[in-house]
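>
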Amino acid sequence: MDTGHRLTIREVDPADVDALKAAASAAGRSLNAYLRAVLHDHARTARNRRLLAALDHDHGEQALPADLDAAAEVRALRDERDAVDDQRAGTRA
10 MDTGHRLTIR
20 EVDPADVDAL
30 KAAASAAGRS
40 LNAYLRAVLH
50 DHARTARNRR
60 LLAALDHDHG
70 EQALPADLDA
80 AAEVRALRDE
90 RDAVDDQRAG
100 TRA
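Take any residue in the sequence shown, count from 1 to its spot, add 9: that is its number in this note's numbering.
1. Looking at C-beta atoms only, is the number of pairs between the stretch 40 to 53 and the stretch 23 to 31 that lie closer than 8 Å three or more?
2. Once the 5 residues before and after residue 7 are set aside, which same chain residues still bring their CB inside 8 Å of it?
3. From which residue to which residue does the alpha helix (DSSP H) around residue 39 run?
4. When the Cα of residue 78 is compared with those of 95, 63, 92, 58, which residue comes out closest?
5. In angstroms with no decimal places, state the Cα-to-Cα distance between residue 12 and residue 55.
6. Just tell me which of 39, 23, 51, 35 has its CA closest to the CA of residue 80.
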């Protein structure tokens, strides 16, 4: 079973550690689980950016509008999904 790699980060500002612990707690996760998710999301975003750049390069022109803010688009879709979920939860309560 692959348990992944270990990662040690030194000299982290104590205030940053406190903020991360608070965010993890608010998300109902351990600090370790929270940070793994943050790192995974960051790595996935970087992979997606490389993929989009490769698509642009392969097509010889920009495959997507230059002013497209993919993060904002995803955020809007997630907000919309969350609002629907909240509305459904409210009707069940």
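Note that the Cβ used here is the ideal one computed from N, Cα and C, for glycine as well.
Reading off the structure:
1. yes
2. Any answer about residue 7 is impossible in this case: the structure gives the chain only from 10 up to 102.
3. Counting from 1 along the sequence shown, the entry for residue 39 is found at position 30. First-last for residue 39: undefined, no H or E at that position.
4. Taking the first residue of the sequence shown as position 1, residue 78 is located at position 69. It is 58 whose Cα lies nearest to the Cα of residue 78.
5. Counted from its first residue, the sequence shown places residue 12 at position 3. Counted from its first residue, the sequence shown places residue 55 at position 46. The straight-line gap from Cα to Cα measures roughly 22 Å.
6. Along the sequence shown, read from residue 1 onward, the residue named residue 80 stands at position 71. Selected option, being the one with the closest Cα: 51.
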